[in-house]
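Visitor: One structure, pasted below without further comment.
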Amino acid sequence: SEFSNIGISRCFPLRMVAGLCWQAAASGVRRPPRSLAFILGAALSLPQQLGAGPRLCFASMDDWKLAVVARRDLRMSAGKLAAQVGHAVHDAVTGVPRAKLKAWEEDGSMIVVLQADTEQVLTELEQAAKKAGVLTTDVRDEGLTEVEDDTWTVLAIGPDQASRVNTVTGKLALYREDHEAELRELRAKVARLEAGESKLADDL
């Protein structure tokens with residue numbers, strides 16, 4: 504629907520209609536009165552009257568997110584990674600439609616950095632995002648420091664509604680350094696050993 508991005512909580516007429524519908528349902532009214540239908544029609548026509556089209560407001564019931572997917576196989580240093588993510592965020596927020604940028608900023612400007620193991624993963628994510636209608640921004644390095652010229656380092660997805668971004672990135676893990684992964688694995692082993700010792704003590 505062309506009205507799928509209209510936000511109830513940020514558009515007063517729609518919020519009013521939602522409240523009236525809830526009251527009618529609570530009272531057992533199966534068919535809303537004609538006056539309610541008239542108010543709904545007026546509410547839906549408000550964006551056009553303001554000259555902004557039906558997407559004037561975006562749904563605030565859904566979180567907003569900007570995901571940046573970085574390649575772990577490049578083994579970029581922390582500084583290099585930060586620079587590449589910074590480029591991606593800058594390009595993404597300057598290229599997104601103003602209404603989406605405003606909604607993302609009002610929701611707290613969430614940014615998550617996720618990991619991919621190869622360039623092929625970035626290619627597949629970009630294709631999936633395009634299919635879902637979600638904006639993507641790729642960053643290719645100039646090759647002055649750690650990687651070769653024109654190396655595809657990161658891919659930004661969004662900003663957009665989190666549910667839409669998640670359809671593209673939902674299976675990806677948060678970006679972590681190798682030593683962080685090793686530390687988590689070590690902690691898991693310690694926990695299993697402690698659980699085994701506890702069970703052994705109970706059996707004795």
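The letter at position 186 of the sequence shown is residue 689 when you use my numbering, and the numbering goes up by one with no holes.
The beta carbon of each residue, even a glycine, is placed where N, CA and C say it ideally should be.
1. Assign V642 to one of three DSSP states: helix, strand, or coil.
2. Considering just the uninterrupted stretch of the beta strand (DSSP E) at D663, what are its terminal residues?
3. Any idea what DSSP makes of A676, helix, strand or coil?
4. Give the DSSP bridge partners of L577, in chain order.
5. Is the beta carbon of V767 less than 8 Å from the beta carbon of V642?
6. Quick one: what does DSSP say L647 is sitting in, helix, strand or coil?
7. Does the stretch 664-675 touch the stretch 591-599, meaning 3 or more C-beta pairs lie closer than 8 Å?
8. Can you look up V624 in the DSSP assignment and give me helix, strand or coil?
9. Roughly how many whole angstroms lie between the Cα atoms of E629 and E697?
10. Out of curiosity, what's the CA-to-CA distance linking E649 and L577?
11. Ignore the nearest five residues each way along the sequence and tell me which others in W607's own chain have a CB closer than 7 Å to its CB.
12. Please check the pair Q618 and A573, which I expect to be a contact at CB under 8 Å, by giving their CB distance rounded to whole angstroms.
13. In angstroms, rounded to a whole number, what distance separates the CA positions of D644 and V588?
14. Roughly how many whole angstroms lie between the Cα atoms of D620 and W655?
15. Classify L584 as buried or exposed, calling it buried when 16 or more other Cβ atoms lie within 10 Å of its own Cβ.
16. How close, in whole Å, do the beta carbons of G598 and T626 come, if the pair is a contact with beta carbons under 8 Å?
17. Taking the alpha-carbon of M579 as reference, which of E688, V637, V615, R679 has the nearest alpha-carbon?
18. How many Å lie between S612 and A586 at the Cα?
Guide: On the basis of the data shown:
1. strand
2. 655-664
3. coil
4. Paired residue(s): none; L577 is not in a bridge.
5. The requested residue 767 does not occur in the structure, where the chain is confined to residues 504 to 707.
6. coil
7. no
8. helix
9. 44 Å
10. 9 Å
11. W567, L569, P662
12. 6 Å
13. 11 Å
14. 12 Å
15. buried
16. About 19 Å separates the two Cβ atoms, so there is no contact after all.
17. R679
18. 18 Å
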